[in-house]
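Quick notes on the structure that follows.
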Amino acid sequence: MLNKIINSPDEIVKQMIEGYLCANSVLFDAVPNTNGIVLKEKKTKVAIVTGGGAGNEPWNIGYAGYGLADGVAIGHVYAAPPTRSIISVAKATNYEKGILFIANNYAGDVLNFELAAELLQMEGIKARCVFVSDDVASAPPENADERRGIAGIALVLKIAGAAADAGLDLDRVEQIAKKANRNIHTLSATTSPGYMPNTGEAMFRMDENTVEIGMGFNGEPGIFRMKFAGADKIVDVMMDYLLNDLRAEAGREVAVFVNGFGLTGMMELCIVNRRVGQILQEKGIVIHDMFIDMLFVPPGAGGFSISLLKLDDELKQYYDCPAYSPFFRKAGLRRPGVL
Amino acid sequence: MLNKIINSPDEIVKQMIEGYLCANSVLFDAVPNTNGIVLKEKKTKVAIVTGGGAGNEPWNIGYAGYGLADGVAIGHVYAAPPTRSIISVAKATNYEKGILFIANNYAGDVLNFELAAELLQMEGIKARCVFVSDDVASAPPENADERRGIAGIALVLKIAGAAADAGLDLDRVEQIAKKANRNIHTLSATTSPGYMPNTGEAMFRMDENTVEIGMGFNGEPGIFRMKFAGADKIVDVMMDYLLNDLRAEAGREVAVFVNGFGLTGMMELCIVNRRVGQILQEKGIVIHDMFIDMLFVPPGAGGFSISLLKLDDELKQYYDCPAYSPFFRKAGLRRPGVL
Amino acid sequence: MKNFMTTDELKEMFLYVSQQVIESEKFLTEIDKKIGDGDHGIIMSLGFKEVKNQLSAGNFYCANEVFKTIGMTLLDTMGGASGVLFGTIFISGIVGLEPVEHISLPEFAGIFERSLAALKKRGKANIGDKTMVDAFEPAVAALVEAADKGNSLIDGFESAQGRARAGMEYTRQCMARFGRAKSYGRASIGVEDAGAASIWIIFRAMAEWMRTHL
Amino acid sequence: MKNFMTTDELKEMFLYVSQQVIESEKFLTEIDKKIGDGDHGIIMSLGFKEVKNQLSAGNFYCANEVFKTIGMTLLDTMGGASGVLFGTIFISGIVGLEPVEHISLPEFAGIFERSLAALKKRGKANIGDKTMVDAFEPAVAALVEAADKGNSLIDGFESAQGRARAGMEYTRQCMARFGRAKSYGRASIGVEDAGAASIWIIFRAMAEWMRTHL
Ligand SMILES: Nc1ncnc2c1ncn2[C@@H]1O[C@H](COP(=O)(O)OP(=O)(O)O)[C@@H](O)[C@H]1O
Ligand SMILES: Nc1ncnc2c1ncn2[C@@H]1O[C@H](COP(=O)(O)OP(=O)(O)O)[C@@H](O)[C@H]1O
Ligand SMILES: [Mg+2]
Ligand SMILES: [Mg+2]
Ligand SMILES: [Mg+2]
Ligand SMILES: [Mg+2]
Chain X
1 MLNKIINSPD
11 EIVKQMIEGY
21 LCANSVLFDA
31 VPNTNGIVLK
41 EKKTKVAIVT
51 GGGAGNEPWN
61 IGYAGYGLAD
71 GVAIGHVYAA
81 PPTRSIISVA
91 KATNYEKGIL
101 FIANNYAGDV
111 LNFELAAELL
121 QMEGIKARCV
131 FVSDDVASAP
141 PENADERRGI
151 AGIALVLKIA
161 GAAADAGLDL
171 DRVEQIAKKA
181 NRNIHTLSAT
191 TSPGYMPNTG
201 EAMFRMDENT
211 VEIGMGFNGE
221 PGIFRMKFAG
231 ADKIVDVMMD
241 YLLNDLRAEA
251 GREVAVFVNG
261 FGLTGMMELC
271 IVNRRVGQIL
281 QEKGIVIHDM
291 FIDMLFVPPG
301 AGGFSISLLK
311 LDDELKQYYD
321 CPAYSPFFRK
331 AGLRRPGVL
Chain L
1001 MLNKIINSPD
1011 EIVKQMIEGY
1021 LCANSVLFDA
1031 VPNTNGIVLK
1041 EKKTKVAIVT
1051 GGGAGNEPWN
1061 IGYAGYGLAD
1071 GVAIGHVYAA
1081 PPTRSIISVA
1091 KATNYEKGIL
1101 FIANNYAGDV
1111 LNFELAAELL
1121 QMEGIKARCV
1131 FVSDDVASAP
1141 PENADERRGI
1151 AGIALVLKIA
1161 GAAADAGLDL
1171 DRVEQIAKKA
1181 NRNIHTLSAT
1191 TSPGYMPNTG
1201 EAMFRMDENT
1211 VEIGMGFNGE
1221 PGIFRMKFAG
1231 ADKIVDVMMD
1241 YLLNDLRAEA
1251 GREVAVFVNG
1261 FGLTGMMELC
1271 IVNRRVGQIL
1281 QEKGIVIHDM
1291 FIDMLFVPPG
1301 AGGFSISLLK
1311 LDDELKQYYD
1321 CPAYSPFFRK
1331 AGLRRPGVL
Chain P
2001 MKNFMTTDEL
2011 KEMFLYVSQQ
2021 VIESEKFLTE
2031 IDKKIGDGDH
2041 GIIMSLGFKE
2051 VKNQLSAGNF
2061 YCANEVFKTI
2071 GMTLLDTMGG
2081 ASGVLFGTIF
2091 ISGIVGLEPV
2101 EHISLPEFAG
2111 IFERSLAALK
2121 KRGKANIGDK
2131 TMVDAFEPAV
2141 AALVEAADKG
2151 NSLIDGFESA
2161 QGRARAGMEY
2171 TRQCMARFGR
2181 AKSYGRASIG
2191 VEDAGAASIW
2201 IIFRAMAEWM
2211 RTHL
Chain U
3001 MKNFMTTDEL
3011 KEMFLYVSQQ
3021 VIESEKFLTE
3031 IDKKIGDGDH
3041 GIIMSLGFKE
3051 VKNQLSAGNF
3061 YCANEVFKTI
3071 GMTLLDTMGG
3081 ASGVLFGTIF
3091 ISGIVGLEPV
3101 EHISLPEFAG
3111 IFERSLAALK
3121 KRGKANIGDK
3131 TMVDAFEPAV
3141 AALVEAADKG
3151 NSLIDGFESA
3161 QGRARAGMEY
3171 TRQCMARFGR
3181 AKSYGRASIG
3191 VEDAGAASIW
3201 IIFRAMAEWM
3211 RTHL
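Residue numbers (my numbering), protein chains in the order written: chain X, 1 to 339; chain L, 1001 to 1339; chain P, 2001 to 2214; chain U, 3001 to 3214.
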């Protein structure tokens, strides 16, 4: 049992949003009567709305921002947001060019986002859904659309956000988001279990000295278990699996995102990244960009994930754009250091 | 014992730097024959060089960047960098306008940075030192210059970085950094111990269900211990102490930085921030800016710190500037979202 | 014993049902933790707390309104897979139904029969997939059979809650094919399904209330 | 028994000293963890590993070069408070000293006397402040006394290592006034100082080597 620095399990999502807005009231408004936030700025463009269960912050509260989502509907801990909440957030954006919902591919999210899209369409509002399914461990390649979504949603959103900012229409933004989703493949390694954000209970039990590859963030079993080994050994095993799944030939350009879980520090992530870079270089795969962040963070868990995004010219164009939210900041690649 | 995702304790700092540079070779160069990095861009301005022991990443590897430090010398885990290393980093910057060293106020850092400055001066290079001492728990106000430095160094560096970018000379940048240091007051709460980054051993023992206020990040005893209570209760106690130390009258403008430790998630930090905001509002203290980040992260420890920076017009001018490093990104306040 | 319920009684019964669900939070969460993400009890309890508020605060002139209020409240507050699914269970059965002031077994059977169809359409799960369908479908079948035979209201629900329970127990031997539990594959065998457990708790509470109040 | 050391012997002795420090890594780290940050053993060991490399690789024509190499290597590789301080201990004593090929007790005493002064100037700590000074100052005093009395080299170092050890033990009763240990205030009483322990390990190793090799 871990003492969580909260006030009451029932209020955590509401109070989290209040605290986030307290620091960021210049950028965001609260959506009335629900757990959601929207950008104050209402550009005339396809609106991007995301959401999902709370608990792996900064996903999803931190994914509303410039070049990202216009609004986020935040469910209770690990529970998809209610349909009503998604609709309220969607309606608080500028939806005249239509709404693209981007969520992760879990039953609850799919059910609620699809229902929200149907209900909005009944009101004459254009709404589509893209469900991110980047977790290569959760289903074999032939059933890739059954895969769960994990850290990769960060990049799908960022690319869709840039495409929307560029003025593309709903069909095109949807296509690009779907392509980004097809091209992004993520695999995770878990070295110790996380804790429920609301109760502080260990989320599951795990043998010490084990690494589980491809485990779901709530402890869903992964594809294999190994004895704990050094960083390089873990990365080697993961990259083997991931590259086999990705089928990226030498010369192909990729973007790399190393994402840390709560208990794993930036030092470890850099050491992981070092090996990822070495392997890609050995294989002759071209690293267009590489970044280390903590954007999808199972709280208190030890581990990390590696996301590889296969790029083509179209995706690259949007990938390269800057993105800014207080919790998800990525400089543009054309002028380093400028978000 | 926690399994750390590293390869070998002796190599962690070196490999961390390699991994960081692998992702960020556009921005930084490695300093040859030592554990240090420098910005590729060499503006003609006062050079800012920082450093300290590794282990609480992103401090300090993440503090080199635009509007931040030009170079960082990274010591072994929790050990100040060797004098030679500091000198090598300093010499890899554009030091023609002089060098300002900004480090934390620990014996090892003071000894090495002062010696480095002396040796550089002997070579005719202008070099000064500012040691950050923001931890209000580590000495009473009358001995404020004996205080340790913790999360506050992020803001001292950011302000000094902006002042240097603005073209001020070494004397002025030094004065401004010293003023920022005098004006920044930090207090931390620790709810569970961290783990040595090199061995994974628990850094110290702590009673469960306790919160220790003002504990050093290696477990140095704090100013008091309380039974674990909700987020608001902990923040209330901390803000009382901090505001009493800060002596900020109603109407005074402050910047607030809520910094999370490794085991504490963004959700909890938002809930903490919410209460900090409420208290400042109640007291009539004006919140110029408020941000939540993880910039000084005792690995695996539960807890957080609150930094309050008293602003005047001069400090505000530099505080408001954007800063960019891959691990420390803060948008400017004049155009939200632009780093 | 009465063989029908007034709208007021229906409301009272669902207040009792809500309380039973709320009190099962820990039990449901424990189940969901084994092969899910541990939120089921929490969101069921959050949803039914709000159902209690809404039912207590409202005046209802027909059974349809009671069902609709419960369904919309669950849909609006729960989230998760089960928010939509339990919302569907309470809403879809009354769509297009004439106002019912006194509800008896055939109406209950008809409402839940329609909502079962909607649930299966939305969620695509069938018997054996280790979902709430495994408890709900036999419970509904029991209501329909009892109504067809002209059995009493209370008999119909006693039989329904028994079948819901059997359905929940049956989920133990199934391998999950939907929701997060799916990831557990064969490891999901041996554990009940959380949603099926919720269905049983609801039917059991309805039967209990009827037994003691009608 | 010889009463002096050649430059080669000095180098051999410090190779042995390095090995002893390296082997004390765990012991020193444990001490530093109690009232410090647990890095002392690690950086001492890192520093002396490099000293081993540098000494093995180098050819030295005088004792001064041996001291300088050790000091510079420690200063360059260790970091931490003790990097500067141990660097000072080996460097400051030979500043301005004429090349010494054969080193005997008076030279050792003179070198370490000067470096003690430099150490105290740099670190500002005095006896009783719970630092390496508590071990180093009495050890140096022993060397000086023995040299003044015309005692043998080995006697001087036997006495120095005993006094270093007593100094280290004395730090147990002191309250820390420097470094991280300071934060522990009264709680630092009862624990030895890590830097003082390192001093003792170094002097003990020097005496040991002399006893077995001269
Ligand atoms: N497609 C589906 N059809 C019917 N029931 C389902 C379906 N998917 C999930 N469920 C039910 O939902 C329950 C899980 O609900 P809950 O824990 O609230 O949502 P989540 O899976 O989003 O965490 C499962 O126990 C199962 O009974
Ligand atoms: N001002 C000082 N003067 C003399 N010795 C000191 C001083 N400050 C610290 N020390 C010594 O340094 C030792 C700690 O060294 P170390 O652990 O390597 O550095 P750090 O304190 O930077 O972690 C202490 O045990 C003490 O003996
Ligand atoms: Mg869930
Ligand atoms: Mg140290
Ligand atoms: Mg669940
Ligand atoms: Mg130390």
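By construction, the Cβ of each residue, glycine as well, lies at the ideal position given by its N, Cα and C atoms.
Outcome for residue i when other beta-carbon atoms lying within 10 angstroms are tallied against a minimum of 16
| i | result |
| --- | --- |
| lysine 1227(L) | exposed |
| arginine 1275(L) | buried |
| alanine 2197(P) | buried |
| proline 1197(L) | buried |
| phenylalanine 1224(L) | exposed |
| lysine 2052(P) | buried |
| histidine 1185(L) | buried |
| valine 3095(U) | exposed |
| valine 26(X) | exposed |
| tyrosine 78(X) | buried |
| alanine 255(X) | buried |
| threonine 2131(P) | buried |
| serine 188(X) | buried |
| glutamate 268(X) | buried |
| serine 3024(U) | buried |
| arginine 2211(P) | exposed |
| serine 3056(U) | exposed |
For residue i: DSSP bridge partner residues
| i | result |
| --- | --- |
| cysteine 1022(L) | Answer by DSSP bridge pairing: none, since cysteine 1022(L) is not bridged. |
| cysteine 1129(L) | Phe1101(L) |
| asparagine 1259(L) | Asp1293(L) and Ser1305(L) |
| alanine 1233(L) | Residue identity check: residue 1233(L) is lysine in the sequence provided, not alanine. Paired residue(s): none; lysine 1233(L) is not in a bridge. |
| isoleucine 3154(U) | In the DSSP output, where bridge partners are listed per residue, isoleucine 3154(U) has none listed. |
| histidine 185(X) | Leu308(X) |
| aspartate 135(X) | Thr186(X) |
| lysine 1179(L) | Paired residues: none, contrary to the question. |
| glycine 1251(L) | None, per the DSSP bridge assignment. |
| aspartate 1029(L) | Val1038(L) |
| arginine 225(X) | Glu212(X) |
| methionine 3005(U) | Ile3103(U) |
| glycine 284(X) | Note: glycine 284(X) sits in no beta bridge, so no partner. |
| serine 1192(L) | Gly1302(L) |
Whole-angstrom C-beta distance between residue j and residue i, which should lie under 8 Å
| i | j | result |
| --- | --- | --- |
| histidine 76(X) | valine 13(X) | 6 Å |
| glycine 167(X) | glutamate 1057(L) | So it is not a contact: roughly 39 Å between Cβ atoms. |
| tyrosine 324(X) | glycine 65(X) | 5 Å |
| valine 132(X) | glycine 161(X) | Contact doesn't hold; Cβ gap of about 14 Å is too wide. |
Length-filtered (3 minimum) beta strand (DSSP E) runs lying within the stretch 1291-1329 of chain L: Contiguous beta strand (DSSP E) elements confined to the stretch 1291-1329 of chain L occur at 1302-1310 and 1323-1325, taking only those with 3 or more residues.
Residues passing the C-beta test against ligand 5 heavy atoms, cut-off 5 Å: This selection yields Asp2032(P), Gly2036(P), Asp2037(P), Asp2039(P) and His2040(P).
In chain order, each beta strand (DSSP E) run of at least 3 residues that lies wholly inside the stretch 3162-3212 of chain U: With a minimum length of 3 residues, no continuous beta strand (DSSP E) run stays inside the stretch 3162-3212 of chain U.
Contiguous beta strand (DSSP E) assignments of at least 3 residues, all confined to the stretch 65-94 of chain X: The DSSP assignment places 71-77 as complete runs of the beta strand (DSSP E) inside the stretch 65-94 of chain X, in order along the chain (cut-off: 3 residues).
Contiguous alpha helix (DSSP H) assignments of at least 4 residues, all confined to the stretch 2013-2046 of chain P: With a minimum length of 4 residues, the continuous alpha helix (DSSP H) runs that stay inside the stretch 2013-2046 of chain P are 2025-2035.
Segments assigned alpha helix (DSSP H), at least 4 residues, entirely inside the stretch 3075-3134 of chain U: Listed in chain order, the complete alpha helix (DSSP H) runs (minimum 4 residues) inside the stretch 3075-3134 of chain U are 3080-3091 and 3105-3123.
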